[in-house]
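Input: a single structure, listed below in structure tokens.
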Amino acid sequence: MAVAKQVRAELLSLLKSEDWFTDELAKELPLKWEKHGDLVLVPEKTFLSTSIWLQHIKILEAACKLLRCNRLARRIGPTQNDDFRSPKIQMLFGNSTSVTKKENGILYSWDLSKCMFSSGNITEKQRIGSWDLKGKVVVDMYAGIGYFTLTYLIHSKCELVYACEWNPASVEALQNNFKLNKISPDRYVLLPGDNRKTCPKGVADHVNLGLIPSSEDGWPAACAALKKDSGGMLHVHGNVDSKPGETENNEGEPSSIDASTTKWGSHVTKRIQNIFCDLYPNEEWKVSVENMVKVKSYAPHVDHVVADILCCPSL
Numbered sequence: 001m002a003v004a005k006q007v008r009a010e011l012l013s014l015l016k017s018e019d020w021f022t023d024e025l026a027k028e029l030p031l032k033w034e035k036h037g038d039l040v041l042v043p044e045k046t047f048l049s050t051s052i053w054l055q056h057i058k059i060l061e062a063a064c065k066l067l068r069c070n071r072l073a074r075r076i077g078p079t080q081n082d083d084f085r086s087p088k089i090q091m092l093f094g095n096s097t098s099v100t101k102k103e104n105g106i107l108y109s110w111d112l113s114k115c116m117f118s119s120g121n122i123t124e125k126q127r128i129g130s131w132d133l134k135g136k137v138v139v140d141m142y143a144g145i146g147y148f149t150l151t152y153l154i155h156s157k158c159e160l161v162y163a164c165e166w167n168p169a170s171v172e173a174l175q176n177n178f179k180l181n182k183i184s185p186d187r188y189v190l191l192p193g194d195n196r197k198t199c200p201k202g203v204a205d206h207v208n209l210g211l212i213p214s215s216e217d218g219w220p221a222a223c224a225a226l227k228k229d230s231g232g233m234l235h236v237h238g239n240v241d242s243k244p245g246e247t248e249n250n251e252g253e254p255s256s257i258d259a260s261t262t263k264w265g266s267h268v269t270k271r272i273q274n275i276f277c278d279l280y281p282n283e284e285w286k287v288s289v290e291n292m293v294k295v296k297s298y299a300p301h302v303d304h305v306v307a308d309i310l311c312c313p314s315l
């Protein structure tokens, strides 16, 4: 926040010295941002009066210098409600929307206008990266540009990842990111298209379902992807409405879990149990919540959480 205040103060001083100051423009100066390589992405309400700011290009140039970037862009609304959850951005300074960044030791390259990237998921990437998955097979149901796929391969050192993704731009970016990170082609299988049709069956020790607000449409395919003889773990992401004052203390977990999240975990378990009953009607499967963690606050009183669901056939 100290850096943000300094950036804002210097831009405010420049506005005044150039005799461009208004209360409205002052409110639009940046207080937070995301940095992706040499491009900085600011929130929707920052530099909102775009036509005016483009006339005051000196301010945008100064912002780039202070933010140590060559390009500046702003969000122009929430993620599009299309099949691919495409971002909506506007370039303020510079032209290209293609970016490359290194996070947690992994290189990612993608087009900001076509593919999503969430810096807020870093704690979950670190959690996955701490696991030893040598010899294990992973199915990533929503691979995107490789947010979790590459973590499983590089840090968890799993043997093989089946990466499902239906956004053509993300598929292209993921293929490029495999090459950027020098991942051997025999360690991944890229499966473009609808994962309900492309997801492999009976191959996985772990299945990652990293889609919010809900990945429930993919649960039947995820259950079928687990090895039939030994089962495995589903890592189910979801958005949960949280209620202040309902916190339960769970020492040793990355963050506290409230009663609403516990209730959501029970729903996931029951739904998964029913899927296995339909999938293998003559067999009994045990389904249990092994762990639940909060990834981040997605919105006021809405938490992005992950439930690790252990699914095993009864012997």
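The letter at position 237 of the sequence shown is residue 237 when you use the UniProt record's numbering, and the numbering goes up by one with no holes.
Think of the CB as a built atom: it goes at the ideal place given N, C-alpha and C, for glycine as much as any other residue.
Bear in mind the structure is a predicted one, so any value in this text is a computation, not a measurement.
A residue is called buried once 16 or more other Cβ atoms fall within 10 Å of its Cβ, and ILE57, having fewer, is exposed.
Within the model, the alpha-carbon separation for LYS228 versus THR100 is close to 39 Å.
C-alpha of SER214 to C-alpha of ASP19: approximately 49 Å in a straight line. Between CYS223 and ILE275, the C-beta gap is smaller than 8 Å, which places the two residues in contact. Sequence-distant Cβ neighbours of GLY265 in its own chain, meaning closer than 6 Å and more than five residues away, are VAL289, MET292, ALA307. Beta-carbon to beta-carbon, SER260 and VAL236 are separated by about 16 Å, too far to satisfy the 8 Å threshold. Boundaries cannot be given for PHE148, as no alpha helix (DSSP H) includes it and DSSP labels it neither H nor E. The C-beta of LEU54 has fewer than 16 other C-beta atoms within 10 Å across all chains shown, which makes the residue exposed. Only residues of its own chain outside the window of five on either side were considered, and among them SER109 have a CB closer than 6 Å to the CB of ASN176, listed in chain order. In this structure, the CA atom of GLU216 is about 13 Å from the CA atom of ILE309.
The beta-carbon separation of CYS312 and LYS294, rounded to 26 Å, does not stay under the 8 Å limit for a contact. About 6 Å separates the CB atoms of PHE93 and CYS64; that is less than 8 Å, so the two are in contact.
Per DSSP, ARG8 is one residue of the alpha helix (DSSP H) stretching across 2-17. Shown here for GLU124: same chain residues with a beta carbon closer than 7 Å to its own, the five before and five after excluded, namely VAL295, VAL306 in chain order.
Around the CB of VAL139, 16 or more other CB atoms lie within 10 Å, so the residue is classed as buried. Assigned with DSSP and collapsed to three states, ASP186 falls in helix. Secondary structure of ASP38 (DSSP, three-state): coil.
Pairing LYS201 with ARG68, the inter-Cα distance amounts to about 47 Å. Here THR46 is not near GLU24, since their CB atoms are 8 Å or more apart.
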